[in-house]
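What follows is a short report on a single structure.
2 protein chains.
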Amino acid sequence: MKETFFQVIPVRECIQVLQGFPPTPALTVDLEEAAHMVLAEDVAASEDLPLTHRSCVDGYALKARDTFGATESNPGYLDLAFAIDIHKPPDSGLKSGQCAKIPTGGCLPEGADAVIMVEHTLEMGPNTVEVRKSLPPWENVMLRGEDAAKGQRVLSAGTRLNTVRIGLLAALGCSRVSVHRRVVAGVISTGDEVVEVSRPTRPGLVRDVNSHALAALAGLSGAKVRRYGLVRDELPLLTEKLALALTECDVVLMSGGSSVGSRDHTLEAIRRVCSGRVLVHGLAMSPGKPTIVAAARDKAVVGLPGQVTSAQVVMQVLMLPFVAHLGGAGDAFRVGWNRFPAILSRNIASCQGRTDFVRVSLEHRDSGLPLAVPVQGKSGLLKTLLKADGLVEIPENSAGLNAGQEVLVRPLR
Amino acid sequence: MKETFFQVIPVRECIQVLQGFPPTPALTVDLEEAAHMVLAEDVAASEDLPLTHRSCVDGYALKARDTFGATESNPGYLDLAFAIDIHKPPDSGLKSGQCAKIPTGGCLPEGADAVIMVEHTLEMGPNTVEVRKSLPPWENVMLRGEDAAKGQRVLSAGTRLNTVRIGLLAALGCSRVSVHRRVVAGVISTGDEVVEVSRPTRPGLVRDVNSHALAALAGLSGAKVRRYGLVRDELPLLTEKLALALTECDVVLMSGGSSVGSRDHTLEAIRRVCSGRVLVHGLAMSPGKPTIVAAARDKAVVGLPGQVTSAQVVMQVLMLPFVAHLGGAGDAFRVGWNRFPAILSRNIASCQGRTDFVRVSLEHRDSGLPLAVPVQGKSGLLKTLLKADGLVEIPENSAGLNAGQEVLVRPLR
Numbered sequence: 003m004k005e006t007f008f009q010v011i012p013v014r015e016c017i018q019v020l021q022g023f024p025p026t027p028a029l030t031v032d033l034e035e036a037a038h039m040v041l042a043e044d045v046a047a048s049e050d051l052p053l054t055h056r057s058c059v060d061g062y063a064l065k066a067r068d069t070f071g072a073t074e075s076n077p078g079y080l081d082l083a084f085a086i087d088i089h090k091p092p093d094s095g096l097k098s099g100q101c102a103k104i105p106t107g108g109c110l111p112e113g114a115d116a117v118i119m120v121e122h123t124l125e126m127g128p129n130t131v132e133v134r135k136s137l138p139p140w141e142n143v144m145l146r147g148e149d150a151a152k153g154q155r156v157l158s159a160g161t162r163l164n165t166v167r168i169g170l171l172a173a174l175g176c177s178r179v180s181v182h183r184r185v186v187a188g189v190i191s192t193g194d195e196v197v198e199v200s201r202p203t204r205p206g207l208v209r210d211v212n213s214h215a216l217a218a219l220a221g222l223s224g225a226k227v228r229r230y231g232l233v234r235d236e237l238p239l240l241t242e243k244l245a246l247a248l249t250e251c252d253v254v255l256m257s258g259g260s261s262v263g264s265r266d267h268t269l270e271a272i273r274r275v276c277s278g279r280v281l282v283h284g285l286a287m288s289p290g291k292p293t294i295v296a297a298a299r300d301k302a303v304v305g306l307p308g309q310v311t312s313a314q315v316v317m318q319v320l321m322l323p324f325v326a327h328l329g330g331a332g333d334a335f336r337v338g339w340n341r342f343p344a345i346l347s348r349n350i351a352s353c354q355g356r357t358d359f360v361r362v363s364l365e366h367r368d369s370g371l372p373l374a375v376p377v378q379g380k381s382g383l384l385k386t387l388l389k390a391d392g393l394v395e396i397p398e399n400s401a402g403l404n405a406g407q408e409v410l411v412r413p414l415r
Numbered sequence: 003m004k005e006t007f008f009q010v011i012p013v014r015e016c017i018q019v020l021q022g023f024p025p026t027p028a029l030t031v032d033l034e035e036a037a038h039m040v041l042a043e044d045v046a047a048s049e050d051l052p053l054t055h056r057s058c059v060d061g062y063a064l065k066a067r068d069t070f071g072a073t074e075s076n077p078g079y080l081d082l083a084f085a086i087d088i089h090k091p092p093d094s095g096l097k098s099g100q101c102a103k104i105p106t107g108g109c110l111p112e113g114a115d116a117v118i119m120v121e122h123t124l125e126m127g128p129n130t131v132e133v134r135k136s137l138p139p140w141e142n143v144m145l146r147g148e149d150a151a152k153g154q155r156v157l158s159a160g161t162r163l164n165t166v167r168i169g170l171l172a173a174l175g176c177s178r179v180s181v182h183r184r185v186v187a188g189v190i191s192t193g194d195e196v197v198e199v200s201r202p203t204r205p206g207l208v209r210d211v212n213s214h215a216l217a218a219l220a221g222l223s224g225a226k227v228r229r230y231g232l233v234r235d236e237l238p239l240l241t242e243k244l245a246l247a248l249t250e251c252d253v254v255l256m257s258g259g260s261s262v263g264s265r266d267h268t269l270e271a272i273r274r275v276c277s278g279r280v281l282v283h284g285l286a287m288s289p290g291k292p293t294i295v296a297a298a299r300d301k302a303v304v305g306l307p308g309q310v311t312s313a314q315v316v317m318q319v320l321m322l323p324f325v326a327h328l329g330g331a332g333d334a335f336r337v338g339w340n341r342f343p344a345i346l347s348r349n350i351a352s353c354q355g356r357t358d359f360v361r362v363s364l365e366h367r368d369s370g371l372p373l374a375v376p377v378q379g380k381s382g383l384l385k386t387l388l389k390a391d392g393l394v395e396i397p398e399n400s401a402g403l404n405a406g407q408e409v410l411v412r413p414l415r
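As they're listed, the protein sequences go chains Z and S.
Mapped onto the numbering used here, the consecutive letters of the first sequence carry residue numbers 3 to 415.
Mapped onto the numbering used here, the consecutive letters of the second sequence carry residue numbers 3 to 415.
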């Protein structure tokens with residue numbers, strides 16, 4: 003059964019559909035392998051971090067009240083009781099009037115409540131230290147449990163393990179962590195006018211840009227990419243390849259053949275393999291109208307436009323967050339620091355009822371927000387993407403944006 | 003020979019030193035493997051892209067002058083001569099008064115110079131098309147060579163192959179490309195107070211945060227990371243491990259032991275292995291003062307601060323661009339779209355003669371630039387990095403920045 007028209011739905015509804023797919027299952031991995039994956043469980047501190055009060059500086063541990071009133075011109079004097087080794091907690095405490103030499107990171111001895119930096123002292127022989135500054139209690143001290151108190155939840159399920167968080171898990175002794183398995187994304191390209199990149203071309207043929215660009219983009223999102231290459235636009239071939247890909251992948255990205263032309267067998271192949279569960283066929287989005295989303299049990303099949311620049315825009319806008327969502331990220335579709343403000347350089351018209359994504363290049367200015375300059379040129383040209391730094395969204399309910407208006411730019415990745 | 007003081011140099015001089023290291027050699031790889039690597043040679047188009055004039059839309063190819071004067075209320079009529087197959091160039095041309103049905107991407111027939119969208123036409127029986135719009139020449143046509151003309155340089159050596167550029171190379175049939183080999187970065191951690199993450203801890207010991215955080219960060223920069231684990235702070239052990247790492251890596255990142263304390267053997271190990279070629283020992287940078295850069299022939303050895311947050315800041319600010327530079331990126335240290343403007347929420351004091359990198363969290367506002375709020379807390383605490391979205395640089399020649407001032411924020415990666 004061939005359809006003549008798309009049943010377009012708004013972008014926000016498509017995002018709701020995509021958010022309905024479950025994340026990959028959890029598995030436990032060594033911390034070495036966990037970087038940039040997403041936590042599947044909350045993590046609580048199993049001990050205080052730091053484990054003891056520690057010095058932030060090289061200097062002398064002391065009782066803060068013993069420094070009260072000390073200045074450059076009116077220094078105080080303390081007895082140097084002992085020196086602290088960086089990797090051993092001190093075995094004796096401090097009495098009033100005493101201090102102990104301490105390196106950065108050293109444990110404070112019992113009785114000490116501050117550390118004076120070596121720059122504000124002078125050793126007056128082997129047993130006396132001149133103190134030239136008054137310190138409030140806990141000056142230059144990292145308190146026991148200040149980074150994390152034992153039992154405290156430090157990271158939540160759904161958090162991506164960036165570098166800083168990996169460091170925190172290391173500090174807490176989490177050598178094994180429960181994360182969502184890496185998403186496996188398959189890429190299939192189709193179209194009778196499309197040929198492999200290594201093949202010679204002739205008028206009427208175009209090379210398989212999508213396999214390469216979509217695989218590169220999917221890789222950026224953290225997915226493991228499986229390439230199924232270029233498949234002829236024939237229903238049995240497409241159905242077979244898609245069924246195979248679904249046994250090996252969490253999401254299959256097909257490009258080409260998602261339009262309503264007579265040679266487009268993608269939709270029918272998806273119908274067969276997904277038992278008819280086509281959730282989206284047509285998006286109120288430009289570019290990106292001929293986008294399909296279907297479900298094969300818990301797995302997703304996405305039909306992307308065959309037009310190469312449209313396919314890349316849909317990937318940037320919807321598929322990168324979708325892969326992050328499948329990988330367990332709690333905030334995959336959230337507008338965050340992945341967008342930055344700019345001032346639009348000229349009017350852009352749009353249609354109400356459709357979300358437009360306009361390519362813009364950015365121009366730094368001496369001060370204030372950068373200028374977002376819409377890229378000119380036919381939208382099918384690759385050079386319109388090559389010139390662009392990002393995309394500006396014109397919302398569904400807007401007939402256009404005005405020059406001078408502030409916009410949020412999504413950087414192209 | 004032990005030194006008492008660092009010989010600090012400005013950050014910009016350190017960058018010059020780092021830029022003096024040569025990039026990795028070029029090698030030829032399949033396009034599938036080239037994503038996010040850096041071109042080692044310019045790439046010129048070996049043919050026109052597109053190869054022929056192609057239609058941007060579904061519609062009818064025609065001679066623009068045959069539509070002149072046509073409107074909704076005063077349409078014109080053309081003879082439908084033939085239909086064009088998407089993957090075959092038309093074998094006949096158009097005469098005056100004729101049109102040919104054409105799909106998006108189809109090759110224009112000889113004699114045609116525009117395409118009218120199907121929405122502006124009506125088929126009046128099998129041989130006549132009503133045309134309801136006047137078109138200027140080349141309307142809805144991607145011109146032969148418009149994306150790239152044969153012989154034209156399309157990408158330069160030193161360019162990172164992002165998704166869009168991979169797509170361009172695919173379109174041009176570049177199935178093999180000359181790129182710089184991926185950088186191999188070794189990570190060594192040291193310090194007698196440091197223990198493996200999987201080991202129990204006790205007061206006086208801290209876990210090996212740096213091995214994990216630095217490996218995760220180096221991986222982000224595109225490097226292949228080799229972990230050499232935790233080495234005791236003993237000169238023969240450090241020397242041996244560093245010598246091994248240098249046989250396997252382009253750059254070795256050592257953390258800990260780069261200070262001037264008595265147990266710091268890193269510098270001496272580097273001196274031995276690098277035949278004394280220590281290029282930087284101390285940076286006028288906070289945090290990051292105890293940073294070492296040395297050369298072992300063409301390879302780099304970097305001693306990072308042992309303090310875990312300092313080590314991560316130096317990695318973010320200097321080592322990510324350095325690894326990109328080693329990987330061939332022409333603009334690795336350039337200030338670009340990796341920084342975004344914000345307004346500082348409060349004054350920050352600094353010292354002239356030193357470049358400070360201040361952790362800030364960002365607050366979106368309803369309009370205008372976001373607010374950069376300096377993160378409070380002792381700089382050694384991991385939570386100061388966990389709370390931060392980015393770093394603000396206070397330049398060497400500045401005594402501080404003022405509340406309300408515009409700053410550029412580098413996002414933490």
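Quick reminder that beta carbons are idealized off the backbone N, C-alpha and C, glycines included.
Please read all numbers here as calculations on a predicted model, not as lab measurements.
Check for me: the alpha helix (DSSP H) holding CYS101(S) runs from which residue to which?
From DSSP, CYS101(S) is part of no alpha helix (DSSP H) but of the beta strand (DSSP E) over 100-104.
Between ARG234(S) and ASP32(Z), what straight-line distance do the alpha-carbon atoms span, to the nearest angstrom?
23 Å
Can you find a CB in chain S that lies within less than 8 Å of the CB of GLN309(Z)?
yes
Separation of PRO307(S) from SER136(Z), as counted between CA atoms:
29 Å
Note the first and the last residue of the continuous alpha helix (DSSP H) segment covering THR165(S).
165-173
So what does DSSP say about GLU49(S), is it helix, strand or coil?
coil
Does any residue of chain Z have a CB that is nearer than 8 Å to the CB of MET144(S)?
yes
For PHE70(Z), is the classification buried or exposed, using 16 other Cβ atoms within 10 angstroms of its Cβ as the cut-off for buried?
exposed
Return helix, strand or coil for GLY221(S), following the three-state DSSP convention.
helix
With a threshold of 8 Å between beta-carbons, can ARG209(S) be considered close to chain Z, or not?
yes
What does DSSP give as the partner residues of PHE8(S) in its beta bridges?
DSSP, once it has assigned bridges, lists no residue as partnering PHE8(S).
When DSSP labels each residue in this structure, what does VAL411(Z) get in the three-state scheme?
strand
By Cβ distance, which residues of its chain are closer than 6 Å to PRO413(S), with the 5 residues on each side in sequence left out?
GLY392
Whole-number beta carbon distance between LEU410(S) and LEU346(S), since they are thought to touch under 8 Å
No, LEU346(S) and LEU410(S) are not in contact; Cβ-Cβ is about 11 Å, not under 8 Å.
For chain S, is any of its Cβ atoms less than 8 Å away from the one on GLU408(Z)?
yes
Look at ILE168(S) and ALA28(S) and say whether their C-beta atoms are less than 8 Å apart.
no
Check the Cβ of PRO205(Z) against every Cβ in chain S and list those closer than 8 Å, keeping chain order.
LEU53, THR54, PRO91, CYS109
Go through the region 49-87 of chain S residue by residue and report every complete run of the beta strand (DSSP E) that reaches 3 residues or more, in order.
61-64, 78-85
What is the DSSP secondary structure of LYS152(S), reduced to helix, strand or coil?
coil
For MET3(Z), three-class secondary structure by DSSP:
With a pLDDT of only 37 at MET3(Z), under 50, the local geometry of the prediction cannot be trusted, and no value is derived from it.
Should PRO128(S) be flagged as near chain Z, meaning a C-beta pair shorter than 8 Å?
no
With 8 Å set as the bound, which would you pick, yes or no: does the beta-carbon of VAL199(Z) sit closer than that to a beta-carbon of chain S?
yes
Alpha carbons only, please: which of PRO202(Z), GLU125(Z), SER94(Z), GLY224(Z) is nearest the one belonging to ASN164(Z)?
GLY224(Z)
When the Cα of ALA83(S) is compared with those of PRO77(S), ARG367(S), LYS97(S), which residue comes out closest?
LYS97(S)
With C-beta atoms as the reference, is LEU216(S) less than 8 Å away from ALA313(S)?
yes
Segments assigned beta strand (DSSP E), at least 3 residues, entirely inside the region 289-320 of chain Z:
294-298, 301-306
Secondary structure of GLN21(Z), DSSP reduced to three states
helix
For GLU148(S) and HIS182(Z), I'd like the C-alpha separation in whole angstroms.
45 Å
Residues of chain S with CB under 8 Å from GLU34(Z), in chain order?
HIS214, ALA217, ARG229
Can you name, in chain order, every residue of its own chain whose Cβ lies under 6 Å from the Cβ of THR386(Z), other than the five neighbours on each side?
ARG361, VAL377, GLY379
In the DSSP assignment, what are the bridge partners of GLU132(S)?
TYR79(S), LEU124(S)
Sort ILE190(S), ALA187(S), ASP194(S), LEU174(S) by Cα distance to PRO202(Z) and report the nearest one.
LEU174(S)
Can you check which of these residues, ALA63(Z), LEU51(Z), LEU80(Z), ASP93(Z), is closest to LYS152(Z) by C-alpha distance?
LEU51(Z)
Using a threshold of 8 Å, state whether the C-beta atoms of ALA159(S) and GLU43(S) are closer than that.
yes
For ALA405(S), decide whether its Cβ has a neighbour in chain Z, counting only Cβ atoms nearer than 8 Å.
no
Contact set for GLY107(Z): own chain, Cβ-Cβ below 8 Å, skip 5 residues either direction
ARG56, SER57, ILE88
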